[in-house]
Amino acid sequence: MHRIGFHVSVAQGFLKVFDNAKALDANCCQIFTHSPRSWRFNLVSEDLGKIFKDRYQKKDVWPIVVHDSYLPNLASDDPVMREKSIESIKKEFISCNRLGVEFLNIHPGAHKGQSKEDGLSEICKSLNSIKEDVGNVTLLFENTSGGGSVLGSTFEELKFLLENTDFKCGITLDTCHLFTSGYDISNEEALEDTLSNFNSIVGLENLKLIHLNDTQGEINSKKDRHEHIGLGRIGPQGFKAIVNHKYLKNIPMIMETPVNEKRGDKENIIFLREMIEI
Ligand SMILES: [Zn+2]
Ligand SMILES: [Zn+2]
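Counted from 1, the sequence shown has number 175 at position 191 by the working numbering; the numbering is strictly sequential.
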């Protein structure tokens, strides 16, 4: 069975997440543990963690993935920024362990004028310094569109991050970011080429999560602008190939699609489910 879901809000409380996901006909989801635009946030309490973990055991909504906030930059060469970022990611790991969730998804970072190599090394060094707080969580590096000095847009960079981080890591492939960083997935043949390229560099066994988003940006435009499934440049053919792909169909898929006058979440999941043939 496909596992398809959305990024859902915890504004009504962590325990509401299960019902909110199910109300959208989702069987997996992604959350922020706090406001993603804030440095100051509390850890998930141990008491809440216990109750959440208990409910999560049912696995009717699985997996629940935590996405880190937008502010940290583990690649920064500014010691103050880097320390703040490390502290923030460390807290995310502690909260994930308390909640019993298996995956923490992060954006790798931006080199901001250093060399790419230095930026990538800095990310791994930062992460390796918090090894003892990782616990049972697998860190997922999300591929990026590669705008500005943002790292993690190529398969080679993702491979470097996996190889140089000293604990359990995997990869999230975001379809919008794939396409706008230059990897075509807009039809079956292109998808197959891109995946075989990914497999030979990174290894498909490292792919743990898919962020399913169509995109307003052209291929290789480095623009990170999500669109409703099938209404962007990846289009229905691309998504039909993705959801019916023999390997990808077993990987959890989370949509981070907009909610606007064109469509809401429900319409996106209906559109997607109608394309599933297998
Ligand atoms: Zn994403
Ligand atoms: Zn994005």
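From the three backbone atoms N, C-alpha and C, an ideal C-beta is built for every residue, glycine too.
- Shown here, residue 202 sits in coil according to DSSP, grouped into three states, outside any helix or strand.
- Counting of Cβ neighbours within 10 angstroms places residue 118 among the buried residues, the total reaching 16 or more.
- Closest by C-alpha distance to residue 115, out of 70, 167, 98, is 70.
- Ranked by Cα distance from residue 129, the first of 64, 257, 166 is 166.
- Exclusion of residue 212 from the 7 Å shell around ligand 1 follows from its C-beta lying no nearer than that to any non-hydrogen atom of the ligand.
- Counting along the chain, residue 161 sits inside no beta strand (DSSP E); it lies in the alpha helix (DSSP H) bounded by residues 159 to 164.
- Within the same chain, 145, 148, 149 come within 7 Å of residue 108 by CB-CB distance, once the 5 residues on both sides are set aside.
- Straight-line spacing of the CA atoms in residue -12 and residue 253 works out to 8 Å.
- Cβ-Cβ separation between residue 126 and residue 90: approximately 7 Å, consistent with a contact (criterion under 8 Å).
- When distances are taken from the beta-carbon of residue 208 to the heavy atoms of ligand 2, the shortest one is below 7 Å.
- For residue -10, the enclosing beta strand (DSSP E) has its first and last residue at -12 to -9.
- By the Cβ rule, the region 186 to 199 counts as touching the region 229 to 245, because three or more pairs are nearer than 8 Å.
- For residue 49, the secondary structure class from DSSP, reduced to helix, strand or coil, is strand.
- Cβ-Cβ separation between residue 199 and residue 164: approximately 6 Å, consistent with a contact (criterion under 8 Å).
- Checking the 7 Å criterion, the Cβ of residue 76 is out of range of every heavy atom belonging to ligand 1.
- When the beta-carbon positions are compared, residue 66 and residue 60 come within less than 8 Å of each other.
- Separation of residue 54 and residue 44 (C-alpha to C-alpha, rounded to the nearest whole angstrom) is 29 Å.
- Around the Cβ of residue 57, a 10 Å sphere holds 16 or more other Cβ atoms; the residue is buried.
- Within its own chain, the residues whose Cβ lies closer than 7 Å to the Cβ of residue 95, once the five positions on either side in sequence are excluded, are 59, 102, 103, 133, 135, listed in chain order.
- DSSP places residue 35 within a helical segment (H, G or I) once states are collapsed to three.
- Ranked by Cα distance from residue 142, the first of 13, 105, 38 is 105.
- Burial of residue 158 is indicated by the presence of at least 16 other C-beta atoms within 10 angstroms of its C-beta.
- Ligand 2 has no heavy atom closer than 7 Å to the beta-carbon of residue -9.
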